[in-house]
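Comments concern the structure below.
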Amino acid sequence: MKCVILQPSYIPWRGYFDQINKADVFVFYDDVQYDKRGWRNRNQIKTRCGKQWLTIPVFSRGAQTEQIPINQVRIVWDKAWNQDHRKALQHSYSKSPHFHRYDPLLEQFYTRRDDFLADFTIDFTVALARELGISHTRFLRSSELDVEGRETDRLIAILKKLGADHYLSGPSAQEYIEEDKFSEAGVGLEFMLYDYPEYPQLYPPYDPHVSILDLLFMTGPDARKYI
Numbered sequence: 252m253k254c255v256i257l258q259p260s261y262i263p264w265r266g267y268f269d270q271i272n273k274a275d276v277f278v279f280y281d282d283v284q285y286d287k288r289g290w291r292n293r294n295q296i297k298t299r300c301g302k303q304w305l306t307i308p309v310f311s312r313g314a315q316t317e318q319i320p321i322n323q324v325r326i327v328w329d330k331a332w333n334q335d336h337r338k339a340l341q342h343s344y345s346k347s348p349h350f351h352r353y354d355p356l357l358e359q360f361y362t363r364r365d366d367f368l369a370d371f372t373i374d375f376t377v378a379l380a381r382e383l384g385i386s387h388t389r390f391l392r393s394s395e396l397d398v399e400g401r402e403t404d405r406l407i408a409i410l411k412k413l414g415a416d417h418y419l420s421g422p423s424a425q426e427y428i429e430e431d432k433f434s435e436a437g438v439g440l441e442f443m444l445y446d447y448p449e450y451p452q453l454y455p456p457y458d459p460h461v462s463i464l465d466l467l468f469m470t471g472p473d474a475r476k477y478i
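Under this note's numbering, residues 252 to 478 are what the sequence shown spells out, in order.
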């Protein structure tokens, strides 16, 4: 059984969904430390004026925010960021070939009012995976598994608990992951290779690293072919 363990992110890029597609079980690593300048609460879209960040505001108390787990980070609702994000997507993509196909999904999520960031981003990611036609992957949260440990040891403990014999990781993990521990545990280890075909985009030049929404709006039902 192949497993991926990855932090939840906001409207991730297509490499994230490639990992979901390759996994039998995908574990949202939601009880590890929140990284304030990462992808947990933000991502980029294409616009007429270049790339634009869409950022979900969260409660921040300086260093304290980075000392709490992702699943305890709360969304700030003192302004209508959700409406701003939806308007930004409409403004940039309303003329794309398949925007209206996914507009009901945008309405469903951008009218929610979740207290916790992870609840919103995880549910949105699962819904997007299903829109891509990924139906075989089972989703779990690490916070539900009651597994302790640190770093590589905890990853292996999660894999053992799930009965997984193969772990698929992003390429950047090669810098810190302890590969020998996977061999000792009898778990196969594979690193992703992100090499995807280009697809039609609005607003040249082509950029492969924007949110998955760009791919969906531009290619519709064919989007899975591009991951």
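By construction, the Cβ of each residue, glycine as well, lies at the ideal position given by its N, Cα and C atoms. From a predicted model like this one, the values you see are computed outputs, not experimental measurements.
Got a sec, what are the start and stop residues for the alpha helix (DSSP H) residue i sits in?
i: V377; result: L368 to E382
i: K287; result: Segment: none, K287 is in no alpha helix (DSSP H) and carries neither H nor E.
i: K411; result: E402 to L413
Under the criterion of a Cβ to heavy atom distance below 7 Å, does residue i qualify as lining the ligand MN?
i: R293; result: Judged by which ligands are present, the structure shown has none, so any question about the ligand MN falls away.
Taking residue i as the reference, give the member of the options with the closest Cα.
i: G301; options: Y477, H460 and D431; result: H460
i: W304; options: L440, S462, K432 and G471; result: S462
i: Y427; options: L406, A436 and G439; result: L406
i: Y454; options: F371, T298, L396 and E441; result: T298
i: P263; options: V283, R291, Y457 and V278; result: R291
i: E382; options: L356, Y344 and F371; result: L356
i: Y280; options: T306, I321 and K253; result: I321
i: D431; options: V283, Y261, T403 and G421; result: T403
i: L467; options: R364, E435, Y353 and D366; result: Y353
i: G437; options: Q425, K411, V283 and W332; result: K411
i: E395; options: K273, V283 and M252; result: V283
Assuming residue i and residue j form a contact by the criterion Cβ under 8 Å, report the distance between their Cβ atoms to the nearest whole angstrom.
i: I478; j: F268; result: 6 Å
i: D465; j: I296; result: 6 Å
i: R389; j: V276; result: 5 Å
i: Y285; j: V324; result: 5 Å
i: D416; j: G439; result: 6 Å
i: Q341; j: Y361; result: No, Q341 and Y361 are not in contact; Cβ-Cβ is about 10 Å, not under 8 Å.
Would residue i be called buried (16 or more neighbouring beta carbons within 10 Å of its own) or exposed?
i: P259; result: buried
i: M469; result: buried
i: D446; result: exposed
i: W328; result: exposed
i: I271; result: buried
i: L444; result: exposed
i: A314; result: Its pLDDT being 48, under 50, A314 is placed unreliably in this model, and the coordinates cannot settle the point.
i: A369; result: buried
Quick check on DSSP: helix, strand or coil for residue i?
i: S420; result: strand
i: E441; result: strand
i: G266; result: helix
i: L305; result: strand
i: F468; result: helix
First and last residue of the beta strand (DSSP E) that includes residue i?
i: K253; result: K253 to L257
i: Q295; result: R293 to T298
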